[in-house]
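See below for the structure under consideration.
There are 2 protein chains.
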Amino acid sequence: MTVLLSIQYDIYTANSYDMNKKTKDGRKLRSQNTSDHILSTIYRLARAGNQDINIDVIAKEAKLGARTIFRHFANKDALLEALCKKAEENIVNNFPKKSENETLEKRMKSLISFLCNMYSRDKYIYYWTAINIVQSEQVYKNAITMYKLIRMNILKILPEIESKDQREQEAIFQILSFAFWRDMRLFSKKKKKEIEEILIFNLKKHLSTK
Amino acid sequence: MTVLLSIQYDIYTANSYDMNKKTKDGRKLRSQNTSDHILSTIYRLARAGNQDINIDVIAKEAKLGARTIFRHFANKDALLEALCKKAEENIVNNFPKKSENETLEKRMKSLISFLCNMYSRDKYIYYWTAINIVQSEQVYKNAITMYKLIRMNILKILPEIESKDQREQEAIFQILSFAFWRDMRLFSKKKKKEIEEILIFNLKKHLSTK
Chain A
2 MTVLLSIQYD IYTANSYDMN KKTKDGRKLR SQNTSDHILS TIYRLARAGN QDINIDVIAK
62 EAKLGARTIF RHFANKDALL EALCKKAEEN IVNNFPKKSE NETLEKRMKS LISFLCNMYS
122 RDKYIYYWTA INIVQSEQVY KNAITMYKLI RMNILKILPE IESKDQREQE AIFQILSFAF
182 WRDMRLFSKK KKKEIEEILI FNLKKHLSTK
Chain B
2 MTVLLSIQYD IYTANSYDMN KKTKDGRKLR SQNTSDHILS TIYRLARAGN QDINIDVIAK
62 EAKLGARTIF RHFANKDALL EALCKKAEEN IVNNFPKKSE NETLEKRMKS LISFLCNMYS
122 RDKYIYYWTA INIVQSEQVY KNAITMYKLI RMNILKILPE IESKDQREQE AIFQILSFAF
182 WRDMRLFSKK KKKEIEEILI FNLKKHLSTK
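Top line first, the protein sequences correspond to chains A and B. Residue numbering for the first sequence follows my numbering, beginning at 2 and increasing consecutively. Residue numbering for the second sequence follows my numbering, beginning at 2 and increasing consecutively.
Put into structure tokens, the structure is as follows:
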């Protein structure tokens, strides 16, 4: 969800790039829309598993000129920051919310279903984050931001977690983490249904007992 | 523990490499010793966080000629396989064993202490594995081999795990995984002592109750 490792942004600069390339469709869009369009394009490319997302690839896929992209994001860190903001918005808008009268069981299920879908859709973005986290300060910052945001939203829909011992809370959050999902998918080769069942079984063990 | 991503092995081949470079110290060692010496050198470089481990770097650090290295490992996959075998040996030899009369508590503690030390020492190797696992079939194979071997050894010292529901077993193994250790270290910024305490607390919750 967080950020892209492989954006080979800094190998180009706005100045060195060929400014004669025309930005056709982009000019008609308003500035905010264009930024959004660029970010959405990058996410689409990343989710599809593209490993080398550079300015040329983004420009071609977004049907914009490279100059337009540089006008919106002057350097790699600015782009990474914007990608993180967009991911945050996405979390805030789509995370399942706690509604009145909803049983614990129902809330656990909708949370797990949401997380598993997100992990499955964004797995390549998570892999890239894992790769770049050691090398890029900005990627590490973004990853921490997303980590905290996801924890905060989990607590909102499952406030029961807060009554547990701090050490148990760590294990509960781990059950709901991308890391656990990935280990079951990649190493234990579990299917989607099996994973969801394992998560609900273990979450219940922590939260359903008195 | 498993394998190295960044070994830029295939950019060289034995034929294209300058064969005139002398192999001084290497000739005195016997073949098995030389292989071992090469592998140990790579592990030492990797553990120190070196990201670009190519033939020149290995040769220099091992005080061997590139030709000697190629004689022992003809290509990148052969080298990766050998690194995995060495890691397996390391696990088998050093994993804490279940001795008679040892309490569950004591076995849990020595297991957790062993795993945390291993994760801390080999964290860069795990990061590299995570990076390369998507791209290299051999790295993926190695990772699965290590994953199974670690699980098998955990079951030997803590046979109590096998009496648990399969779904609960997944959560128990996750508590003992590199992924959980890394998330606490990298995102929650926990200290060594805190991590060990969290692990023992949660492992006890699964295994100590009737």
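Backbone N, C-alpha and C define an ideal beta-carbon position, used for all residues, glycine too.
- In this chain, the alpha helix (DSSP H) harbouring residue 71/A covers 67-73.
- Non-local C-beta neighbours of residue 109/A in its own chain, meaning closer than 8 Å and more than five positions away in sequence, comprise 159, 201, 204, 205 and 208, ordered along the chain.
- Here residue 98/A is exposed. Its C-beta has fewer than 16 other C-beta atoms within 10 Å.
- In the DSSP assignment, residue 208/B falls within the alpha helix (DSSP H) that extends over 193-208.
- For residue 93/B, the closest Cβ of chain A is not nearer than 8 Å.
- In this structure, residue 46/A sits near residue 58/A, with a CB-CB distance shorter than 8 Å.
- Spatial neighbours of residue 93/B in its own chain (CB-CB distance under 8 Å, excluding positions within 5 residues in sequence) are listed in chain order as 150 and 154.
- If the five residues before and after residue 152/B are omitted, its C-beta is found closer than 8 Å to the C-beta atoms of 174, all from its own chain and listed in chain order.
- Per the coordinates, the alpha-carbon of residue 33/B lies some 9 Å from the alpha-carbon of residue 73/B.
- The region 116-134 of chain A makes no contact with the region 162-174 of chain A: fewer than 3 CB pairs, one atom from each, lie closer than 8 Å.
- Look at residue 203/B: its C-beta is under 8 Å from a C-beta on chain A.
- In the structure shown, residue 51/A falls within a coil segment according to DSSP collapsed to helix, strand and coil.
- Between residue 185/A and chain B, the shortest Cβ-Cβ separation is below 8 Å.
- Of all residues in the region 159-178 of chain B, the ones placed with a Cβ closer than 9 Å to any Cβ belonging to chain A are 166, 167, 168, 169, 171, 172, 174, 175, 176 and 178, in chain order.
- Residue 199/B reaches chain A at 168 and 171, counting residues in chain order whose Cβ is nearer than 7 Å.
- Contacts with chain B (Cβ-Cβ distance below 8 Å) from the region 99-123 of chain A involve no residue at all.
- The criterion of a C-beta distance shorter than 8 Å is satisfied by residue 114/A and residue 197/A.
- Chain A has a Cβ within less than 8 Å of the Cβ of residue 206/B.
- Our two residues, residue 67/B and residue 179/B, have alpha carbons roughly 34 Å apart in a direct line.
- The Cβ-Cβ distance between residue 104/A and residue 69/A does not fall below 8 Å.
- In this structure, DSSP gives residue 175/B a helical state, which the three-state scheme calls helix.
- Neighbours of residue 189/A in chain B, taken as residues whose beta carbon is under 8 Å from its own, are 171 in chain order.
- By the beta-carbon neighbour count (other beta carbons within 10 angstroms, threshold 16), residue 88/A is buried.
- Around the C-beta of residue 186/A, 16 or more other C-beta atoms lie within 10 Å, and the residue is accordingly described as buried.
- The beta carbon of residue 111/B is closer than 6 Å to those of 97 in its chain, skipping five residues each way along the sequence.
- Between residue 123/A and residue 138/B, the alpha-carbon positions lie close to 21 Å from each other.
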